[in-house]
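Numbering (our numbering), first residue to last: 2 to 285.
Cβ atoms here follow ideal geometry from the backbone N, Cα and C, with glycine treated the same way.
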């Protein structure tokens, strides 16, 4: 309710690292992550939230979302416009290791989904595309920050792939280098889920404030602020006013194309899964 003054203490790190910290006892009331699996683990491993946490807030408990973007060097010298440009033999890519990075998992799945659409569902052709795509990666850092340093400061690679929000912020951060952002048309919906942590809010007496804060993220005022940081939102009025800022895309959901996240993790990213097979094929 209006009039209450809240002091918000924040802790920032990669989603997976933060989820682990909460399971180990960090008493967070609210989590805002970049992948569903990191919230889900709070239920699966710690029983800190209920199984139906995603249905408690609109849009699968995701007040904002993103998709994948390419950051290219000044003047786009390699003429990069779409996923198929990334498998050319003269193009070197930078993105983190999908085994250790959430945004890299989205990159991998986005590339797979785009290839699958272009190839009309021909799995052998998609695997061929993915083998070359992974082969073109010059350096696999463990996380997004390392990949940014590799591209922007060490000068390696022709294309850095990350969330649209991230590549735009990197472009601003390294303005002097004149990087340019390319958003491919066929792309993935990266939902950024939020949740209050039931066990902690009850213990801390913060349930009302935590729920109010997360609900506020869906208000027009909050949705507008969120777009300032290059995140997309589901409020049509807010998005209509920003057509120039966010290129038109055709987004697919992970669940629609690949099945549930646990299935995705098992099929693609577990030891001996699709990712390992494709990397091995690229080394032959």
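In chain order, 195 place their CB closer than 6 Å to the CB of residue 33, counting only its own chain and leaving out the 5 sequence neighbours on each side.
When secondary structure is reduced to three states using DSSP, residue 198 falls in the coil class, being assigned neither helix nor strand.
Out of 9, 127, 197 and 254, the CA that lies nearest to the CA of residue 62 is found in 197. Residue pairing from DSSP places residue 66 in a beta bridge opposite 192 and 233. Using a C-beta cut-off of 8 Å, the stretch 95–104 makes no contact with the stretch 228–239, since fewer than three inter-stretch Cβ pairs fall below that distance. Cβ-Cβ separation between residue 186 and residue 83: approximately 7 Å, consistent with a contact (criterion under 8 Å). A straight-line Cα-Cα distance of about 27 Å links residue 37 and residue 87. Taking 7 Å as the cut-off, the beta carbon of residue 140 is found no closer than this to the beta carbon of residue 72. Around the beta-carbon of residue 263, fewer than 16 other beta-carbon atoms lie within 10 Å, marking it exposed.
With fewer than 16 other Cβ atoms inside 10 Å of its own Cβ, residue 150 counts as exposed. For residue 253, the uninterrupted beta strand (DSSP E) segment begins and ends at 251–253. Taking every protein chain shown into account, the CB of residue 158 has 16 or more other CB atoms within 10 angstroms, so this residue is buried. The residues 32, 34, 39, 40, 42 and 43, in chain order, have a CB closer than 8 Å to that of residue 20 in the same chain once the five nearest residues on each side in sequence are set aside. Bounds of the alpha helix (DSSP H) holding residue 37 are 37–45. The bridge partners DSSP lists for residue 71 are 162 and 183. Annotation for residue 221: 236, 238 and 239 place their beta carbon closer than 8 Å to its own, counting only its chain and skipping 5 residues before and after. Beta-bridge partners of residue 239 (DSSP): none assigned.
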